[in-house]
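The structure under discussion appears below in the form of structure tokens.
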Amino acid sequence: MQKITAAVTAVSGYVPEYRLTNKEIETMVDTNDEWIRTRTGVEERRILKGEGLGSSDLGVEAVKLLCAKRGIAPAEIDCLICATVTPDMVFPATANIICDKAGAVNAWGFDLQAACSGFLYALSTGSMYIESGRYKKVVVVGVDKMSSIIDYSDRATCIIFGDGAGAVLLEPNEEGYGMIDTILKSDGSGRSYLHMKAGGSVKPATVETVLAKEHYVYQEGQAVFKFAVKGMADVSYELMQKHNLTADDIAWLVPHQANLRIIDATANRMGLSKEKVMINIQKYGNTTAGTLPLCLWEWEPQLKKGDNIILAAFGGGFTWGATWLKWAYDGAVQGGTVND
Ligand code: UT7
């Protein structure tokens, strides 16, 4: 019997309407459009506005659309994994809240936290449940409402991040399409460069931690940049070497959208021309766990059955990795564009 692989059979995305442009950021901190564009590639990002709205409200839109595109009811989902660093609450899991809001009444689910590599980690985890034969429909959501943990008076971080969600449906495939291989890595010693200082069990929230702005993203940008360039490029190259893949074999690189210069470095290392690289950082900035599925969603109409796609990410933890995904359907059939 042919081995069961976990194929992506539908992809969707959702971004909130509000566009925070570089021009508007110029009125908030000492920066300028040219610096932001040349140093990061970001031109605008989406922000979820409104009281009482969280990551689940972004994620549920992506899940509802995913089901509609695939023509399934949410009740058919067996398991939903939500990758996020901005859960609605510390507990319960945002996955549970998304399932409730979407009507995925038969699904169990959990959150997975690996910062900007969260979607890759979750994709790998979800695919195991399909490959083992245990489940038939696993949804992987990557979502972050980064605006909830960004200090909009800190010019080093507020220029980069945005809010957004993406989701994929994984189903069994016996023709060899879907997840082929993944290399995942982590190094906890990198935590000093990128973390949130308070709000965890080491330093619970107090009036002092709030006043000291310790519930926002703390990042030593330059150090993270160096690790990210090396980590994302090296692991992508390692995956190619492992499978004797050449640049010609690869149809698309789907890189985490943290900084255009990191993306360029990874593509160069892999020997890929720019036309093969999915880039939408200019529109959404860094949506953390949302970047990879948002790219797949936007490029879906161009994807063809059999395309070799490499997804790569690097993020807080440090966490990083690369995945080889063989696309399972002709994108034109299930088309669709990002809701902008
Ligand atoms: O996705 C999770 C992982 N995160 C990443 O991958 C992010 C990695 N890091 C980066 O993308 C970049 O380090 C940043 C975009 C965060 C910063 O860019 P950079 O080229 O590393 O800038 P820098 O921190 O080295 O700062 C260079 C200069 C400094 O001024 P001086 O000291 O040279 O006078 C900064 O104060 O640019 C200044 N600067 C700014 N100037 C205008 C920093 N932020 C800004 C700003 N506008 N927004």
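Basically this note's numbering = 1-based index in the sequence shown + 133.
Positions of the beta carbon are idealized from the N, C-alpha and C atoms, including for glycine.
Practice task
Tell me whether L191 is buried or exposed, calling it buried when 16 or more other Cβ atoms sit within 10 Å of its Cβ.
Solution key: Your numbering for residue 191 matches position 58 in the sequence shown. With 16 or more other Cβ atoms within 10 Å, it is buried.
Handout entry: Own chain partners of I231 with C-beta closer than 7 Å, once the 5 adjacent residues on each side are dropped
Key = Numbered from 1 along the sequence shown, position 98 holds the residue referred to as residue 231. The residues are S189, G192, V193, V196, L213, C215, V274.
Problem - Validate contact between the region 236-248 and the region 294-306 using beta carbons, cut 8 Å, 3 pairs - result: no
Practice task
Look at W385 and I443 and say whether their C-beta atoms are less than 9 Å apart.
Solution key: Here the question's residue 385 lines up with position 252 in the sequence shown. Here the question's residue 443 lines up with position 310 in the sequence shown. Closer than 9 Å, so yes.
Problem - Of the residues N401, Y326, V223, A228, the one placed nearest K359, counting alpha carbons only - result: The count along the sequence shown starts at 1 and reaches residue 359 at position 226. Of the listed residues, the one whose Cα sits closest to K359 is Y326.
Handout entry: I412 to A391 span [Cα, whole Å]
Key = For the purposes of this step, residue 412 is taken as the residue at position 279 of the sequence shown. For the purposes of this step, residue 391 is taken as the residue at position 258 of the sequence shown. Between I412 and A391, the C-alpha separation is close to 10 Å.
Practice task
Could you tell me if M403 is buried or exposed, where buried requires 16 or more neighbouring beta carbons within 10 angstroms of its beta carbon?
Solution key: For this step, residue 403 is matched to residue 270 along the sequence shown. When all chains shown are included, M403 counts as buried.
Problem - Given 8 Å, three or more beta-carbon pairs between the region 162-175 and the region 241-260 - result: no
Exercise for the section: For A366, I'd like the list of residues in its chain whose CB is within less than 7 Å of its CB, leaving aside the five on either flank, ordered along the chain. Expected result: Counted from its first residue, the sequence shown places residue 366 at position 233. Excluding residues within five positions, the ones whose Cβ falls inside 7 Å are A398, T399, R402.
Handout entry: Enclosing beta strand (DSSP E) for R179 [first to last residue]
Key = Translated into the one-based positions of the sequence shown, residue 179 becomes position 46. From DSSP, the beta strand (DSSP E) with R179 extends over 177-180.
Exercise for the section: Within the same chain, show all residues whose beta-carbon is closer than 7 Å to that of T219, passing over the 5 residues directly before and after it, in chain order. Expected result: Numbered from its first residue, the sequence shown carries residue 219 at position 86. Counting only Cβ-Cβ distances below 7 Å, and skipping sequence neighbours, we find S188, D277, K278, M279, S281, I282.
Practice task
Sort out for me which residues DSSP pairs I443 with in a bridge.
Solution key: Reading the sequence shown from its first residue, position 310 is the one you call residue 443. I443 is bridged to L386, W457.
Practice task
Pick out whichever of I210, K234, K336, G454 has its Cα sitting closest to the Cα of I81.
Solution key: Limits of the chain in this structure are 134 at one end and 473 at the other, which puts residue 81 out of reach.
Exercise for the section: Could you spell out the range, first to last residue, of the alpha helix (DSSP H) harbouring F360? Expected result: Taking the sequence shown and counting its residues from 1, the one referred to as residue 360 is at position 227. F360 -> alpha helix (DSSP H) spans 354-375.
Problem - Interface flag, P220 vs chain B, CB-CB below 9 Å - result: In the structure shown, chain B cannot be found, because there is only a single protein chain.
Handout entry: DSSP bridge partner residues for K278 (one or two, in chain order)
Key = In the sequence shown, residue 278 corresponds to position 145, counting from 1. Note: K278 sits in a beta bridge opposite D296.
Practice task
Consider the C-beta atom of A391 and the heavy atoms of ligand 1; say whether any pair is separated by less than 8 Å.
Solution key: Start at 1 with the first residue of the sequence shown, and residue 391 comes out as number 258. For ligand 1, at least one heavy atom lies less than 8 Å from the Cβ of A391.
Handout entry: Neighbourhood of D473 by C-beta distance below 8 Å, restricted to the same chain and skipping five residues each side
Key = Indexing the sequence shown from 1 puts residue 473 at position 340. Residue confidence for D473 is low, a pLDDT of 43 falling below 50, so the modelled location carries little weight and cannot support an answer.
Problem - For R394, the first and last residue of its enclosing alpha helix (DSSP H) - result: Indexing the sequence shown from 1 puts residue 394 at position 261. It spans 393-403 - the alpha helix (DSSP H) in which R394 sits, taken as one unbroken run.
Problem - Proximity winner among S322, G295, S257, L458, relative to L181 (alpha-carbon distances) - result: As a first step, residue 181 must be located in the sequence shown, where it is residue number 48. Of the candidates S322, G295, S257, L458, the one whose C-alpha sits nearest the C-alpha of L181 is G295.
Handout entry: Beta-carbon contacts of D284 that lie in its chain and below 7 Å, excluding the five residues immediately before and after
Key = Counted from its first residue, the sequence shown places residue 284 at position 151. Excluding sequence neighbours, D284 sits near T290, C291, K346, Y349.
Practice task
Determine the contact status of T339 and K330, defining contact as a CB-CB distance below 9 Å.
Solution key: Stepping through the sequence shown from its first residue, residue 339 is reached at position 206. Stepping through the sequence shown from its first residue, residue 330 is reached at position 197. No, the Cβ-Cβ distance between T339 and K330 is not below 9 Å.
Practice task
Assign H376 to one of two classes, buried (16 or more other C-beta atoms within 10 Å of its C-beta) or exposed (fewer than that).
Solution key: As a first step, residue 376 must be located in the sequence shown, where it is residue number 243. Exposed.
Handout entry: Residues near C200 by beta carbon distance below 7 Å, same chain, minus five either side
Key = Taking the first residue of the sequence shown as position 1, residue 200 is located at position 67. Taken in chain order, the residues that qualify are A206, P207.
Handout entry: Coarse secondary structure for G333, derived from DSSP in three states
Key = As a first step, residue 333 is located in the sequence shown; it is residue number 200 there, counting from the start. G333 falls in the coil class under three-state DSSP.
Handout entry: For L253, the nearest candidate out of T138, G450, G464, A445 (CA to CA)
Key = To locate residue 253, count along the sequence shown from 1; it is residue 120. For L253, the nearest C-alpha among the options comes from A445.
Practice task
Reducing DSSP to helix, strand and coil, say where G158 ends up.
Solution key: Residue mapping note: residue 158 aligns to position 25 of the sequence shown, counting from 1. Correcting the residue identity first, residue 158 is Ile in this sequence and not Gly. Correct three-state label for I158: helix.
Practice task
Would you mind reading off the limits of the beta strand (DSSP E) that contains D244?
Solution key: On the sequence shown, residue 244 is found 111 positions in, with the first residue counted as 1. Note, D244: beta strand (DSSP E), 241-245.
Exercise for the section: Drop a sphere of 10 angstroms on the beta-carbon of T424, count the other beta-carbons inside from all chains shown, and report buried for 16 or more, exposed for fewer. Expected result: The residue labelled residue 424 in the question sits at position 291 within the sequence shown. By the neighbour-count rule (16 or more Cβ atoms within 10 Å), T424 is buried.
Handout entry: Reduced DSSP secondary structure (H/G/I, E/B, other) of I230
Key = Taking the first residue of the sequence shown as 1, we reach residue 230 at position 97. In the structure shown, I230 sits in a helix (DSSP, three-state: H, G or I).
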